[in-house]
Amino acid sequence: MKSITTINPEIRVLKAASCPSLTGKSILSYQVGYGGNRANTSTTETVIQLQVYANTGGGFFNKDWIPLSTILQLFERTPSNKTITSNALYPLFKGRSINTPAFLLAVLKQEGFLLPIKD
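Take a look at the structure:
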């Protein structure tokens, strides 16, 4: 297993794992961590955060730690009669890689935060 480098020392890695991308074309490596919420600098709140840090495919992606609470706030904006898709996560990465929202959604699915719709 590759060693994991954490750029933000304020985040403690609780789990490192991998999962397939939503398309199944690549394997994503990710971390679940616990630590300071840099997205909200007005508080010293400690939160669960997620980070995609590797991709076996060729697509670019963002390696920032994303607070789970921020993700859930975005999901709450989705009407209850609509399906949650990676589009709900685009505000987190505006002007950055378009792959990251779908990669993050794959991680959330792997961790059991989301369930796929059955055909």
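At position 82 of the sequence shown (counting the first as 1) the number is 82 in the working numbering, and the numbers step up by one without a gap.
We put the beta carbon where it would ideally sit given N, CA and C, even for glycine.
Just the C-alpha distance for residue i and residue j, rounded to the nearest angstrom, thanks.
i	j	result
A54	S29	5 angstroms
V13	V32	6 angstroms
L115	K82	14 angstroms
I117	Q110	14 angstroms
S97	V52	12 angstroms
G112	G95	28 angstroms
T70	L50	11 angstroms
K15	S80	31 angstroms
A102	T78	16 angstroms
G59	L68	23 angstroms
D64	G24	22 angstroms
In terms of residues, what are the limits of the beta strand (DSSP E) holding residue i?
i	result
A54	T46 to N55
S29	I27 to G36
K94	Premise fails: K94 is in no beta strand (DSSP E) and is neither H nor E.
L14	I11 to P20
Is the Cβ-Cβ distance between residue i and residue j less than 7 angstroms?
i	j	result
A88	L22	no
G121	E76	Only positions 1 to 119 of the chain appear in this structure, which leaves residue 121 out of reach.
Roughly how far, in whole angstroms, is the beta-carbon of residue i from the beta-carbon of residue j, given that I think they are within contact range, below 8 angstroms?
i	j	result
I66	L104	7 angstroms
F61	T100	5 angstroms
G57	S26	3 angstroms
Say yes only if the C-beta of residue i is nearer than 6 angstroms to one or more non-hydrogen atoms of the ligand SAH, and no if none qualify.
i	result
L50	This structure simply doesn't include the ligand SAH, nor any ligand for that matter.
Could you spell out where the alpha helix (DSSP H) holding residue i opens and where it closes?
i	result
P101	T100 to Q110
F75	L68 to E76
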